[in-house]
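Right, one structure below, let's go through it.
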Amino acid sequence: MEENMNEDVLTIDLSQLFKLLKKNLRLIILSMVVCAIAAFSITAFLLPKKYASESSIYLVSKVNAETGTVDAAALSANSKQVNNYMEMIKGKNILNKVAKELNIDVKEVQGAISVTNKNETEIMDVKATTDDPVKSQQIVKTLTSIFFKEVKENLKVENMMVMNDPEVDKVPVSPSKKMNTLIGALLGLLASGGYVFLTFILDKRLRTKQEAENFLGIPVLAEIPYYEE
Numbered sequence: 000m001e002e003n004m005n006e007d008v009l010t011i012d013l014s015q016l017f018k019l020l021k022k023n024l025r026l027i028i029l030s031m032v033v034c035a036i037a038a039f040s041i042t043a044f045l046l047p048k049k050y051a052s053e054s055s056i057y058l059v060s061k062v063n064a065e066t067g068t069v070d071a072a073a074l075s076a077n078s079k080q081v082n083n084y085m086e087m088i089k090g091k092n093i094l095n096k097v098a099k100e101l102n103i104d105v106k107e108v109q110g111a112i113s114v115t116n117k118n119e120t121e122i123m124d125v126k127a128t129t130d131d132p133v134k135s136q137q138i139v140k141t142l143t144s145i146f147f148k149e150v151k152e153n154l155k156v157e158n159m160m161v162m163n164d165p166e167v168d169k170v171p172v173s174p175s176k177k178m179n180t181l182i183g184a185l186l187g188l189l190a191s192g193g194y195v196f197l198t199f200i201l202d203k204r205l206r207t208k209q210e211a212e213n214f215l216g217i218p219v220l221a222e223i224p225y226y227e228e
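Taking this note's numbering, the leading residue of the sequence shown gets 0, the next gets one more, and so forth.
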C-alpha cells in the first residue's frame with residue numbers, strides 16, 4: 000500500500016513539474032535565445048580566429064617497365080615509408096630551417112603544423128593552423144619545400160610530388176559559430192530548466208487534495224473553495 004502511495008506521489012509531482020515547465024516556457028525560450036546570441040557574439044567578435052592552409056604530398060610508385068603496371072612491392076614499401084617521412088618532416092632539423100627562413104620562433108612552427116596520412120595510403124597531408132591565413136600558407140609552403148630538398152639531397156629520393164599547393168584561405172577554421180551558438184542555446188536551456196526545477200523542489204506547499212492526503216496520511220474531510228476577485 001505504501002509503495003502504491005509513493006507511486007501516486009511521484010505521478011502527481013511529475014504532473015506538477017510539467018505544468019510548471021509549461022508555465023515558464025517563455026522564460027526558458029528567452030533564456031535560450033539570449034544565451035545563443037551571447038555565444039554567437041563572443042565567437043564572432045571576441046574569440047581569436049584560426050586559419051589553416053594545407054598541402055598534400057604523394058609518393059609516386061615506380062611502374063614496371065615490362066608490364067606497365069605499378070609494382071605491388073614498391074607500392075607496399077611506399078605506404079610503409081610514409082610513416083618515416085611523417086616523422087622526418089616534423090623533426091627539429093627541418094622545423095628550425097623553416098623558422099629561420101620565415102623569421103619566426105620554432106615553437107610557433109611546431110605548434111602550428113600537423114602531418115597525417117590518408118587511410119594508410121601513399122599520400123601525406125601537411126597542414127598549418129595559425130592566427131594569420133598568410134602565415135599558415137607560408138609555413139606549409141616553406142615546410143614542404145625544405146622537406147623535398149632534404150630528402151633529395153640526403154636520401155636521394157625523387158619520387159615525390161605535390162598534389163596541391165597551399166592556398167591563403169581567409170575563412171577561419173575555428174572557432175565554430177554554429178557549434179558555439181548551439182552550445183549557448185543548450186546552456187540557456189539547462190540554466191532556465193534547472194532554475195524551474197529547483198523552485199519546484201524547494202516549494203513545499205501542498206497544492207491539491209491528493210497531495211495533502213498523501214503527505215498527512217489521513218483523508219481530507221472538507222475543502223474551502225478559493226475565488227480570485
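Note that the Cβ used here is the ideal one computed from N, Cα and C, for glycine as well.
Please read these numbers as outputs of a predicted model, since none were measured by experiment.
Opposite Asp-104 in the DSSP bridges: which residues?
For Asp-104, which the question treats as bridged, DSSP gives no partner whatsoever.
To the nearest angstrom, how far is it from the Cα of Met-159 to the Cα of Glu-121?
10 angstroms
From Glu-149, Lys-96, Ser-135, pick the residue whose C-alpha is nearest to that of Glu-264; which is it?
Not covered by the structure: residue 264. The range shown for the chain is 0 to 228.
Looking at C-alpha atoms only, which residue of Leu-188, Asn-213, Leu-201, Leu-197 is the closest neighbour of Arg-25?
Leu-188
On the premise that Ile-112 lies in contact with Lys-89, defined as a C-beta separation below 8 angstroms, what is that separation, rounded to the nearest angstrom?
7 angstroms
Is Pro-165 buried or exposed, if buried means 16 or more other CB atoms sit within 10 Å of its CB?
buried
Could you please give the first and the last residue of the uninterrupted alpha helix (DSSP H) stretch that includes Asp-152?
First, the amino acid is wrong: residue 152 is Glu here, not Asp. Run containing Glu-152: 132–153, per the alpha helix (DSSP H) assignment.
DSSP-derived helix/strand/coil call for Glu-119:
coil
What are the boundary residues of the beta strand (DSSP E) that Ile-56 is part of?
50–58
Contact between the segment 19–35 and the segment 101–116 is defined here as three or more beta-carbon pairs at a separation below 8 angstroms; is this criterion met?
no
Who are the Cβ neighbours of Ala-43 in its own chain at under 8 angstroms, not counting the five residues just before and after it?
Lys-176
Excluding sequence positions up to five away, which residues of its chain have a Cβ less than 7 angstroms from the Cβ of Pro-171?
Lys-48, Lys-49, Tyr-50
Since I believe Val-97 is in contact with Leu-142 (beta carbons under 8 angstroms), could you give me their beta-carbon distance rounded to a whole number of angstroms?
5 angstroms
Restricting to Cα atoms, I'd like to know which of Lys-117, Ala-190, Asn-179, Leu-58 is closest to Ile-41.
Asn-179
Apart from the five residues just before and just after Asn-82, which ones in its own chain have a Cβ nearer than 8 angstroms to its Cβ?
Asn-116
Can you check which of these residues, Gln-15, Ile-182, Glu-86, is closest to Phe-146 by C-alpha distance?
Glu-86
Quick check: Val-114 and Val-125, are their CB atoms within less than 8 angstroms of each other?
yes
Met-162 classed as buried or exposed, judged by whether at least 16 other C-beta atoms fall within 10 angstroms
exposed
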